[in-house]
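Residue numbers (the numbering used here): 110 to 449.
No residue lacks a Cβ here, since even glycine has one placed at the ideal position from N, Cα and C.
First comes the structure, then the notes that go with it.
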Ligand code: UDP
Ligand code: MG
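See below:
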């Protein structure tokens with residue numbers, strides 16, 4: 110892997126009230142990364158901790174120049190903390206992991222091997238879960254199963270943050286809300302090559318988990334949103350339009366039938382077919398509304414993509430005989446060089 114950046118690996122770790130866990134994690138990380146022998150950086154994000162985490166991180170920063178500390182103004186949550194770390198990272202390969210010692214730095218080299226094999230994203234798979242069956246494992250398994258079905262990506266485990274990415278992939282992904290769980294699905298829209306490796310997931314020894322059962326509902330809402338984003342964000346009318354046409358169509362048929370009964374058979378619609386008439390009206394109105402929602406969606410989607418100059422495709426590589434504009438020194442280089 111050749112590059113302009115001298116840094117090969119960035120390890121991004123978010124911390125929220127993890128003061129006891131920081132020193133052992135840091136020791137282990139440096140031991141493993143020094144063993145690899147490539148230039149690296151550590152990006153530690155303090156997500157507005159209320160304990161001494163920032164102090165501990167600052168002490169480490171003082172005597173290790175490979176350590177960077179990004180401190181958020183308040184607790185923004187894991188996704189935002191990760192995003193801050195990703196934006197700061199300069200390594201060719203970015204690895205993210207939890208700061209609570211549930212992820213073992215010893216496993217990092219195996220992630221890096223997969224990236225070297227040519228994958229863009231390597232995801233950890235907690236093949237033996239240690240956390241509570243009902244509140245954590247069951248919701249997580251259900252969400253993973255749905256996620257795999259919806260996104261068409263064959264991963265066992267979407268939920269863990271222990272992952273490695275090529276930097277351009279992770280920096281392109283818009284992250285907000287609780288979306289860090291959906292990075293593989295979002296990355297797949299850019300055409301990233303994705304794989305997974307089994308990892309261990311240890312019990313948390315110090316501090317406590319920041320999440321409980323309450324997160325499940327939010328994850329499912331996000332799931333719905335991601336599915337919509339993946340399939341219909343560039344063509345919302347296709348989604349709403351279909352519902353709308355269905356509703357309005359069925360409503361019109363029912364309405365037509367009622368009109369026929371009224372004028373040809375002189376039936377008293379209100380008393381004979383009251384509920385049916387209500388249904389026809391409701392279907393028709395909601396159908397029309399769905400169609401207009403789809404049209405509004407189209408307008409919003411256009412504003413979104415155009416205002417941000419957001420490409421609707423992502424390139425992996427370009428081979429061209431055309432010289433890059435203003436780049437006269439390039440002419441001596443063989444065209445189609447895959448490195449740049
Ligand atoms: N974390 C964070 N901000 C938060 C919550 C969590 O930066 O608001 C960090 C936390 O310090 C840990 C990682 O995200 O390094 C995973 O959090 P946790 O262990 O609470 O989640 P779980 O392992 O239970 O899914
Ligand atoms: Mg944890």
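Which stretch, first to last residue, makes up the beta strand (DSSP E) that contains residue i?
| i | result |
| --- | --- |
| residue 218 | Unbroken run through residue 218 is the alpha helix (DSSP H), 217 to 225; no beta strand (DSSP E). |
| residue 109 | Any question about residue 109 goes unanswered here, given that the chain covers just 110 to 449. |
| residue 205 | 202 to 205 |
| residue 235 | 230 to 235 |
Could you compute how far the alpha carbon of residue i sits from the alpha carbon of residue j?
| i | j | result |
| --- | --- | --- |
| residue 238 | residue 345 | 38 Å |
| residue 182 | residue 297 | 32 Å |
| residue 174 | residue 148 | 12 Å |
| residue 188 | residue 206 | 12 Å |
| residue 126 | residue 142 | 24 Å |
| residue 218 | residue 145 | 8 Å |
| residue 121 | residue 316 | 20 Å |
| residue 396 | residue 386 | 15 Å |
| residue 240 | residue 363 | 53 Å |
| residue 441 | residue 353 | Reliability fails at residue 441, whose pLDDT of 39 lies under 50, so the model's placement of it is uncertain and no value is given. |
| residue 211 | residue 343 | 38 Å |
| residue 381 | residue 262 | 52 Å |
| residue 230 | residue 289 | 13 Å |
| residue 305 | residue 409 | 35 Å |
| residue 264 | residue 250 | 11 Å |
| residue 165 | residue 184 | 17 Å |
| residue 355 | residue 159 | 53 Å |
| residue 280 | residue 351 | 34 Å |
| residue 400 | residue 379 | 28 Å |
| residue 434 | residue 418 | Residue placement at residue 434 is flagged as unreliable, the pLDDT there being 47, under the threshold of 50; the coordinate-derived value follows with that caveat. Taking the straight line joining both Cα atoms gives about 20 Å. |
| residue 233 | residue 266 | 7 Å |
| residue 324 | residue 192 | 19 Å |
| residue 412 | residue 340 | 18 Å |
| residue 190 | residue 156 | 6 Å |
| residue 227 | residue 277 | 14 Å |
| residue 116 | residue 150 | 7 Å |
| residue 406 | residue 415 | 14 Å |
| residue 137 | residue 284 | 29 Å |
| residue 224 | residue 347 | 37 Å |
| residue 357 | residue 287 | 35 Å |
| residue 254 | residue 245 | 14 Å |
| residue 272 | residue 334 | 22 Å |
| residue 369 | residue 375 | 9 Å |
| residue 221 | residue 248 | 30 Å |
| residue 299 | residue 194 | 21 Å |
| residue 313 | residue 135 | 16 Å |
| residue 208 | residue 337 | 32 Å |
| residue 360 | residue 200 | 58 Å |
| residue 451 | residue 326 | In this structure the chain extends from 110 to 449, so residue 451 is not present and cannot be described. |
| residue 139 | residue 130 | 14 Å |
| residue 398 | residue 169 | 58 Å |
Which one or two residues does DSSP pair with residue i in a beta bridge?
| i | result |
| --- | --- |
| residue 155 | 124, 180 |
| residue 285 | The partner list for residue 285 (beta bridge, DSSP) is empty, contrary to what the question assumes. |
| residue 307 | 234 |
| residue 249 | Its beta-bridge partners do not exist; DSSP assigns none. |
How close, in whole Å, do the beta carbons of residue i and residue j come, if the pair is a contact with beta carbons under 8 Å?
| i | j | result |
| --- | --- | --- |
| residue 393 | residue 331 | With 8 Å as the limit, residue 393 and residue 331 do not qualify as a contact, their Cβ atoms being about 33 Å apart. |
| residue 154 | residue 123 | 5 Å |
| residue 367 | residue 389 | 6 Å |
| residue 118 | residue 202 | 5 Å |
| residue 294 | residue 260 | 4 Å |
| residue 328 | residue 257 | That pair is no contact at about 14 Å. |
| residue 311 | residue 196 | Rounded, the Cβ-Cβ distance is 29 Å, inconsistent with contact. |
| residue 167 | residue 128 | Actually they are not in contact, since the Cβ atoms of residue 167 and residue 128 sit about 12 Å apart, beyond 8 Å. |
| residue 204 | residue 177 | No, residue 204 and residue 177 are not in contact; Cβ-Cβ is about 14 Å, not under 8 Å. |
| residue 308 | residue 216 | 5 Å |
| residue 269 | residue 235 | 6 Å |
Taking the alpha helix (DSSP H) that residue i falls in, what are its first and last residues?
| i | result |
| --- | --- |
| residue 162 | 162 to 171 |
| residue 384 | 383 to 416 |
| residue 148 | Element bounds for residue 148: n/a, residue is neither H nor E. |
| residue 370 | 345 to 373 |
| residue 319 | It is not in any alpha helix (DSSP H) - residue 319 carries neither H nor E in the DSSP assignment. |
| residue 314 | That residue, residue 314, is in no alpha helix (DSSP H); it is neither H nor E in DSSP. |
| residue 261 | Unbroken run through residue 261: none, as it is neither H nor E. |
| residue 293 | 292 to 298 |
| residue 189 | 187 to 197 |
| residue 267 | Counting along the chain, residue 267 falls outside any alpha helix (DSSP H), and DSSP gives it neither H nor E. |
| residue 323 | 323 to 341 |
Indicate whether at least one CB of chain B lies closer than 9 Å to the CB of residue i.
| i | result |
| --- | --- |
| residue 333 | Chain labels in this structure do not include chain B; a single protein chain is all it has. |
Collect the residues with a C-beta less than 6 Å away from any heavy atom of the ligand MG and give them in sequence order along the chain.
-> Neighbourhood of the ligand MG, defined by CB distance below 6 Å to any of its heavy atoms: 207, 209, 211, 313, 318, in chain order.
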